[in-house]
Amino acid sequence: MSLNAAKKLIKDLKRKGHQAYMVGGVVRDFLMKSKFSDIDITTSAKPYEVMKLFKTVPTGLKYGTVTVLYDNAQFEVTTFRQDGPTSDFRHPDSVIYSDNVNDDVQRRDFTINGILMDDYQNIYDYVGGQQDIINKIIRTIGDPDQRFNEDALRMLRAIYFQSKLGFIIEEETKRSIRRNRHLIQELPMERVHTEMIKILKGEHLKTALESMIETGLDEVLPGLEKGIKYAATLDLMPYVDPFFALAFTLNNGIVPAEWPFSNIHRNKYQKAAELALKTKEFIDDVNLYHYGLEISILANKVNAFRGIAKHAEKKIIAAYEALPVKSELDLALTSQEILDFKNKKPGAWLGILKKQMIEDILLKKVSNDKNSLYKYLESKA
Ligand code: ATP
Ligand code: MG
């Protein structure tokens with residue numbers, strides 16, 4: 002992302018008589034000398050004026066945001082706004098455009114996200130954000146109770162910034178999260194899910210999990226309470242998939258329906274928890290076959306985090322590679338050969354027999370070659 006292109010864009014806006022600044026993550030990360038991902042620009046220009054001046058995509062018109070494509074980069078350009086009251090704990094009922102940049106700063110979430118920077122890299126800080134960056138503090142702009150009631154997601158955003166930056170959450174802000182934590186249940190789970198994943202990817206996850214416990218946020222995230230409490234005691238943090246699999250294992254294998262996981266992820270967590278609960282140190286060949294390599298590795302990670310198994314990814318891969326059969330297609334006898342040998346018509350019995358055969362091969366009761374399997378069939382007659 003190019004700071005220079007952003008400065009040029011700001012100059013263009015100013016030349017047309019508008020005010021414009023960089024704001025949010027880019028300024029925070031710039032002051033911390035760390036990498037930033039996207040550049041937000043706030044301007045007095047109304048969306049239609051921005052759209053007249055540049056090549057744009059109307060990504061968030063309802064809230065005054067357009068994406069500007071400029072110098073091979075893209076920028077989120079948002080009109081100064083003053084958010085009206087909210088009745089749903091997440092979206093302002095209306096947004097009011099403003100000519101005063103301070104209105105726009107005041108509607109932002111945390112002081113560290115409310116600092117402005119112009120095209121000369123001058124800093125304008127109306128909220129004490131610079132001092133909070135120096136002291137590594139996450140603090141709401143204005144009264145935290147009010148700010149969390151306007152948008153309950155901000156409580157999880159506080160945890161996210163802690164996980165990302167390693168800052169501490171200021172006491173009053175933290176107490177307010179504790180008081181208002183139940184409002185999380187009013188949010189659409191998609192937003193909670195997205196924020197939770199951002200939290201889990203942070204470098205300072207352990208501290209973030211500790212704050213979740215301290216504020217009681219763990220209690221309002223379906224099925225995660227035990228996982229959060231447990232993971233917070235670990236030295237090595239589980240990454241996203243192992244975290245969810247661990248949490249749902251500790252939740253008696255239940256993946257609450259509220260979480261909008263994709264079917265693939267839901268199945269992965271469900272199966273891994275099921276396998277983790279029924280195995281300890283060793284995942285035997287029968288389970289390895291039935292659950293497959295990916296789930297087996299995940300279940301092993303879960304049990305390693307639970308302290309009842311060793312991390313054994315390499316061993317599991319080797320055991321999987323060495324399985325005498327990995328699917329029905331690997332049977333040394335084809336269905337036709339079984340039918341011919343048995344001299345019977347196909348039916349449900351065939352599937353049942355093949356399953357039994359595979360199980361016995363995995364249990365090393367018979368080996369997977371034609372001769373042995375014909376003898377096996379004879380014995381089953
Ligand atoms: P990141 O590094 O995660 O991108 P960011 O600070 O840029 O951090 P964004 O989610 O990209 O965070 O939002 C950009 C800016 O918009 C924030 O810095 C903040 O000023 C404002 N903002 C975003 N979400 C909210 C919210 N829910 N309430 C108030 N202000 C918000
Ligand atoms: Mg951002």
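Per my numbering, residue 2 is the first one in the sequence shown, and the count goes up by one each step. Quick reminder that beta carbons are idealized off the backbone N, C-alpha and C, glycines included.
Measuring from the CB of residue i, is there a heavy atom of the ligand MG at a distance below 7 Å?
i, result
"Gly130", "no"
"Gly25", "yes"
"Ser263", "no"
"Ser35", "no"
"Ser164", "no"
"Asp105", "no"
"Ser328", "no"
"Ser38", "yes"
Is DSSP giving residue i helix, strand or coil here?
i, result
"Phe249", "helix"
"Gln20", "coil"
"Ala323", "coil"
"Val287", "helix"
"Gly25", "coil"
"Thr87", "strand"
"Gln122", "coil"
"Ile255", "coil"
"Arg307", "coil"
Please list, in chain order, all residues of the same chain as residue i whose beta carbon is under 6 Å from its beta carbon, the five residues on each side excluded.
i, result
"Pro325", "Ile362 and Asn369"
"Ile185", "Ala153 and Val221"
"Gln75", "Thr68"
What residue from the options has the CA that sits closest to residue i's CA?
i, options, result
"Glu50", "Ile296, Lys137 and Ala21", "Ala21"
"Ile397", "Asp100, Phe90, Leu54 and Asp119", "This structure gives no information on residue 397, because the portion of the chain shown stretches from 2 to 382."
"Lys202", "Pro223, Arg182, Gln163 and Glu187", "Gln163"
"Glu226", "Leu351, Val241, Leu210 and Asp94", "Leu210"
"Lys311", "Asn5, Glu282 and Ile317", "Glu282"
"Pro189", "His205, Glu204, Thr280 and Asp89", "Asp89"
How about residue i: is its Cβ closer than 7 Å to a heavy atom in the ligand ATP?
i, result
"Ser3", "no"
"Arg109", "yes"
"Gly115", "yes"
"Asp41", "yes"
"Arg155", "yes"
"Asp152", "yes"
Check whether the Cβ atoms of residue i and residue j sit closer than 8 Å, and answer yes or no.
i, j, result
"Lys137", "Phe168", "yes"
"Thr112", "Arg91", "no"
"Ile97", "Gly115", "no"
Once you ignore the five residues that flank residue i on each side, which residues in its own chain have a CB closer than 7 Å to its CB?
i, result
"Lys207", "Ala233 and Met238"
"Pro223", "Pro257, Glu259 and Trp260"
"Pro48", "Leu62, Gly65, Val67 and Thr80"
Report yes or no: is there a C-beta of chain C within less than 8 Å of the C-beta of residue i?
i, result
"Leu354", "Absence of chain C from the displayed structure is noted, only one protein chain being present."
Note down, in chain order, each residue of its chain lying with its Cβ closer than 8 Å to the Cβ of residue i, except the 5 sequence neighbours on either side.
i, result
"Leu340", "Lys346, Pro347 and Leu351"
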